[in-house]
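In what follows, a structure is listed as structure tokens, so that the remarks can point back to it.
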Amino acid sequence: MRSSVDDITRTAPAPWPEPVTIDKADPRYPDLAGRGINARFPAAPAAIGLPATPRHVAELVEDAVGAGRRLAVRSGGHCFESLVDHPEVDVVIDLSEMKAVGYDPEHRALAVEPGASLGAMYRTLFLGWGVAVPAGRCPEIGVGGHVPGGGGGALSRRYGLSVDHLYGVQVVVADGSGRARAVTATREPGDPNRDLWWAHTGGGAGAFGVVTRYLFRSPDGAAGDGRLLPPAPAAVTKKTVRWSWDDLDESRFVALVRAFGLWHERNSAPGDSGAQLDNSLTLPRAGGGEVTLETAFDAGRPDAADLADALIADVGRAAGSSPEVTAETRSFLAAVLVPDEFAGVKGRFKSKAAFLRSCWQEDVVARLYRRLTDRSGYQNPAAAFYLLSHGGAINAVGQEETAMAHRDAVLKAYGSVFWWDPREDEVHLGWIRDTYHELFADAGGVPDPDRGYGGAFVNYADADFADPELNRSGVPWHRLYFRGNYARLQEVKGRWDPGEVFRHALSVRPPGA
539 MRSSVDDITR TAPAPWPEPV TIDKADPRYP DLAGRGINAR FPAAPAAIGL PATPRHVAEL
599 VEDAVGAGRR LAVRSGGHCF ESLVDHPEVD VVIDLSEMKA VGYDPEHRAL AVEPGASLGA
659 MYRTLFLGWG VAVPAGRCPE IGVGGHVPGG GGGALSRRYG LSVDHLYGVQ VVVADGSGRA
719 RAVTATREPG DPNRDLWWAH TGGGAGAFGV VTRYLFRSPD GAAGDGRLLP PAPAAVTKKT
779 VRWSWDDLDE SRFVALVRAF GLWHERNSAP GDSGAQLDNS LTLPRAGGGE VTLETAFDAG
839 RPDAADLADA LIADVGRAAG SSPEVTAETR SFLAAVLVPD EFAGVKGRFK SKAAFLRSCW
899 QEDVVARLYR RLTDRSGYQN PAAAFYLLSH GGAINAVGQE ETAMAHRDAV LKAYGSVFWW
959 DPREDEVHLG WIRDTYHELF ADAGGVPDPD RGYGGAFVNY ADADFADPEL NRSGVPWHRL
1019 YFRGNYARLQ EVKGRWDPGE VFRHALSVRP PGA
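Heads up: the sequence shown begins at 539 in our numbering, then just goes up one per residue.
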């Protein structure tokens, strides 16, 4: 079966005329099949499709549907769960070679294909136009899966999320008969496909179709100087402070974490000067490293440096000590292209995350302290929790303006555990799940939006929420990820993917499902 999709203008010529299909006997198979970063989920699809154009994507979709094969879509391969590497998936459409970044004159927008990494996008947009999409901190992540979950990172408190600058998407969708076509949907009020654009502003990847191009252009005036996107800073300064576990008893740890959280309660409103800072607090298990505060800001803003010093002083006073502060200034590209600490390392891991509307209370932080320092029943040093700054310009957007509904949080909490031996799975999974449940015990073990918390971030995929054996809170997974926007997302799903061609454990279900 072959699609009638028209050729779409690209910023580079297609490297091959027809989609490439690779089976298990092909020597190229291991490299493509093994791109997923979590070794807990081995991949064994019957075939991998490697497209170079939207037409190729449509042909691969139609072939899979026509053969009754379940398909999944991959861009960067950084999915935390088995949403792609699932035993029921027969065909993976691998978008890694669709990685062009350039200018689209028809839409007057900067176009990025889904196979581009965040680092490649940063580099090309900065060198070509001096601008940046406010996206994630890990340059290895693929644009394709990152953006539809909302996107966000170091520039987001200042400029908003990736989707706040998303003008449009080109998506290959499948109708009820399985016929595929490419559709362009924009945020223009009169666009008949606008609902499809809206669904890709936080509805999650792999749920409505295959995005083959993202079109970025800030809303009028958002960039401030006539550019299509916000200007990137010339240089970024990062200040780092570390505390040894030997210097932190429970009371000092609680005071330190609370000071960090309370600072964000006071400095995370839209337009607040504190939104210039991008902050993180790393809380590793004792024996796995030091408690670390990092704050980063535009090196050209002396007022931001003063704010960073004030934050560090606040937290230091609370901890009862003022350890040495190290500072480093790098050019913009040098700052954003620093590899993630786990780049190129493929082990087994489990992550759990939440949005926080306010700082954790003292008893909650005390529970976390005990979980991080107790070595009587758990010895793994490769486990940690992180508090990451949120808010600022992110919260200037209404909860219904985009599908990304988490516009009232000040922090993201993120816990992760890493190991190698599959025989230890239950031990490590048990530790992270039990710790997370303790932190949200007053809300049934999940960050219930109706009980003071902010829900969860779909880009930090956590299939536990959709498992009734693991989520006994009574709060459905979609309430945590999409809050009040889920019913509208279901309507979009019913219109654009009525046959549920695109589905996984955390994808939006059709109406009535």
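For each residue, glycine too, the CB sits at the ideal point set by N, CA and C.
- The Cβ atoms of Val701 and Thr739 lie closer than 7 Å to each other.
- Secondary structure at Phe923: strand, using DSSP grouped into helix, strand and coil.
- Gln1028 counts as buried, since no fewer than 16 other beta carbons sit within 10 angstroms of its beta carbon.
- Counting only the Cα atoms, Leu800 lies some 14 Å from Ala813.
- Rounded to the nearest whole angstrom, the CA to CA distance from Gly885 to Asp878 is 14 Å.
- In the structure shown, the three-state DSSP call for Asp836 is strand.
- Straight-line measurement puts the Cα of Ala994 at about 13 Å from the Cα of Asn1023.
- In terms of Cα proximity to Ala941, the closest of Val603, Pro580, Cys676, Arg725 is Arg725.
- According to DSSP, Asp561 shares a beta bridge with Ala585.
- In this structure, the straight-line span from the alpha carbon of Leu845 to that of Ser811 is close to 8 Å.
- Cα atoms of Val669 and Gly698: separation of roughly 14 Å, rounded to the nearest angstrom.
- The alpha-carbon separation between Leu977 and Gly854 amounts to approximately 24 Å.
- The stretch 602-618 and the stretch 670-681 touch, with no fewer than 3 CB-CB distances between them shorter than 8 Å.
- Closest by C-alpha distance to Gly691, out of Arg868, Leu926, Ala602, Ala582, is Leu926.
- Given a length threshold of 3 residues, each whole run of the beta strand (DSSP E) inside the stretch 636-692 is given here in chain order: 639-642, 647-650.
- The Cβ atoms of Tyr705 and Ala647 lie closer than 7 Å to each other.
- Taking C-beta separations shorter than 7 Å and ignoring five residues to either side along the sequence, the partners of Arg905 in its chain run Glu976, Leu977, following chain order.
- For the set Arg578, Arg1033, Phe835, Val630, the Cα lying nearest the Cα of Glu964 is the one of Arg578.
- Excluding residues up to 5 positions away in sequence, Gly714 lie with their Cβ nearer than 6 Å to the Cβ of Pro1036 in the same chain.
- By the Cβ neighbour-count rule, Lys562 is exposed, with fewer than 16 other Cβ atoms within 10 Å of its own.
- With a threshold of 16 other beta carbon atoms within 10 Å, Trp554 falls short and is exposed.
- Gly882 sits exposed, since fewer than 16 C-beta atoms from the chains shown fall within 10 Å of its C-beta.
- Distance check between Asp632 and each of Gly682, Ser620, Tyr641 places Gly682 closest, using alpha-carbon atoms only.
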